[in-house]
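A short worksheet on the structure shown next.
Here's what the structure looks like:
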């Protein structure tokens, strides 16, 4: 693989970095929201199941 | 149409998406890995030098930006015309993702523009159209948030999305016309050298699969959130 | 008078009464036309070049001022429910409101524009083009504006997101309208641009009533 991007490195690397940050961030956020929702639902459903 | 309504049931959707999700996610990861490897293995373009590497993250972002809006439009149509119940949720879930990819397209476009033309923003026809698309996304999300009643918000947003989708070709046409008037040139012209085609296609697939994965998770999250809300309203 | 004409006339009178919609729009229009040269300097050649774009944007913003009340007033006092029950279809009601809005804002703005073009040192030929472009294009502003107004009619602060919703949709109008003036300045024929603008306006006026009526229905019916 070729990582020598001169003379445009100053533009290419930030572009890749921002894209990576944004996509990884979006993925993390999405997964966190999912886990939160799941946890909340399970907490709400527990008392209902707990009662015999 | 009936088959579509079979999956309108949230339970069905949860079941189905649960099955598809791992494949989409793994597919996205694989394509990203291969795509990135290829992107950094191709020779520099004789005209654009190494900046051609930006092609592989700029165009896929733009593609997803458009697909996301198209998806919102289709969901809006399903919601308004056929009253498909999950469509509103799906449309709303797609919007922030679409806006994010649009913004990425603009940022990567600007960073590509600087070495190519000397300034970050030069009112290139394509970039300008995508800037307007970003505003369309913002308006759509704002409308959802502004109207309190969820059913009304859903239908208003659906109308807005359909008006927007009809307008988008007109906007693109007018911006193209405007740009030829003031003599701009597109960053990405139609022709792409064949060696760049594979990395580009694989990165496009990667971005689309990533969008689909995140979209499905967001819809699933919304379904769970609604269940939680219903439970809370049902009371102790 | 036909129900359409009755509604049209009623809305125009309402606009004239409630703070003089036309006066407000005209003042705003003139103020923007005054502020911009203060902002960019009095280089007459520069001003002539930007006149088309500035005046078009100013006209749209001025027309926006009275848009959020297009359906809201009737919605709040219950008249909209009555109007919806009348034999006049909501689509025609919307068309009547669009026409009333244009007659009380778009048209006055168009009539004032040659005077403001003078402030920008715009030559007579391009000024005429500007006038025609506004005449043809401002109905589109009212039409597209009506869609935004009907979508946000239930919102107390709807006025804030109304511009966000409709300004992107109006970009073709700005492009073709100001573009026509640009062409005129360069001595090129502006007919194509004006034709495209007319097509856009025609489509907008034709189709907007349907979107607006659907929005009104969803807000009334629920």
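Residue numbers (this note's numbering), protein chains in the order written: chain A, 1 to 52; chain B, 1001 to 1236; chain C, 2001 to 2222. Glycine is no exception: its CB is placed at the ideal position from the N, C-alpha and C atoms. A quick note: this is a predicted structure, and the numbers were derived from the prediction, not measured.
Chain B has no Cβ within less than 8 Å of the Cβ of residue 2134 of chain C. Using a CB distance cut-off of 8 Å, residue 2169 of chain C counts as an interface residue toward chain B. Under the three-state reduction of DSSP, residue 1139 of chain B is assigned to helix. If you check the CB distance, residue 1080 of chain B and residue 1146 of chain B do not come in under 8 Å. The beta-carbon distance between residue 2198 of chain C and residue 2183 of chain C, rounded to whole angstroms, is 15 Å. This is too long to meet the 8 Å contact definition.
In the displayed model, residue 1118 of chain B falls within coil according to three-state DSSP, outside both helix and strand.
Assignment of residue 1045 of chain B by DSSP, reduced to helix, strand and coil, places it in the strand class. Annotation: residue 1008 of chain B to residue 1086 of chain B spans about 6 Å, alpha carbon to alpha carbon.
By the criterion of a C-beta distance shorter than 8 Å, residue 1113 of chain B is surrounded in its chain by 1119, 1120, 1121, 1122, 1124, 1127 and 1187, once the five residues flanking it on both sides are discounted. The beta-carbon of residue 2084 of chain C is placed no less than 8 Å from the nearest beta-carbon of chain B. DSSP, reduced to helix, strand and coil, places residue 12 of chain A within a helical segment of the structure shown. Just measuring C-alpha positions, the residue of B:1030, B:1014 and B:1021 sitting nearest residue 1205 of chain B is B:1030. Residue 2067 of chain C: not part of any alpha helix (DSSP H); DSSP gives it neither H nor E.
By the CB criterion at 8 Å, residue 2164 of chain C and residue 1155 of chain B fall outside the cutoff. The Cβ of residue 33 of chain A sits closer than 8 Å to at least one Cβ of chain B. Contact with chain B is found for residue 2147 of chain C, since one of that chain's Cβ atoms lies less than 8 Å from the residue's Cβ. Judged by DSSP secondary structure, residue 1060 of chain B falls within the alpha helix (DSSP H) whose first and last residues are 1055-1082.
Just so you know, the alpha carbons of residue 2083 of chain C and residue 2168 of chain C end up roughly 30 Å apart.
Residue environment: residue 2138 of chain C is assigned as buried (16 or more neighbouring CB atoms within 10 Å of its CB, all protein chains considered).
In this structure residue 1211 of chain B is in contact with residue 1064 of chain B, their Cβ atoms being roughly 5 Å apart against a cut-off of 8 Å. No Cβ-Cβ contact shorter than 8 Å links residue 1221 of chain B with residue 1025 of chain B. Within its own chain, the residues whose Cβ lies closer than 6 Å to the Cβ of residue 2126 of chain C, once the five positions on either side in sequence are excluded, are 2181, 2184 and 2185, listed in chain order. By the Cβ-count criterion, residue 2079 of chain C is exposed, with fewer than 16 other Cβ atoms from all chains shown falling within 10 Å of its own Cβ. Counting C-beta pairs closer than 8 Å gives three or more between the stretch 2052-2064 of chain C and the stretch 2029-2041 of chain C, which meets the contact rule.
Contact between residue 1037 of chain B and residue 1098 of chain B does not hold, since their C-beta atoms are separated by about 27 Å, which reaches or exceeds 8 Å. Between residue 2041 of chain C and the set C:2121, C:2160 and C:2145, the nearest pair of CA atoms involves C:2121. Just so you know, the alpha carbons of residue 1104 of chain B and residue 19 of chain A end up roughly 6 Å apart. Excluding the 5 residues flanking it on each side, residue 1202 of chain B has same chain C-beta neighbours closer than 8 Å at 1031, 1034, 1035 and 1038, in chain order. Between the beta-carbon of residue 1161 of chain B and that of residue 1140 of chain B there is about 6 Å, and that keeps the pair under the 8 Å contact cut. Residues of chain B with a Cβ closer than 7 Å to the Cβ of residue 2211 of chain C are, in chain order, 1159 and 1163. Straight-line measurement puts the Cα of residue 1050 of chain B at about 50 Å from the Cα of residue 2212 of chain C.
Straight through space, the alpha carbons of residue 1116 of chain B and residue 1027 of chain B are spaced by roughly 33 Å. Only exposed fits residue 2081 of chain C, as fewer than 16 other CB atoms lie within 10 angstroms of its CB.
Judged by beta-carbon spacing, residue 2023 of chain C lies beyond the 8 Å limit of residue 2066 of chain C, meaning their Cβ atoms are not closer than that value.
With contacts defined by Cβ atoms closer than 8 Å, residue 2074 of chain C and residue 2162 of chain C do not form a contacting pair.
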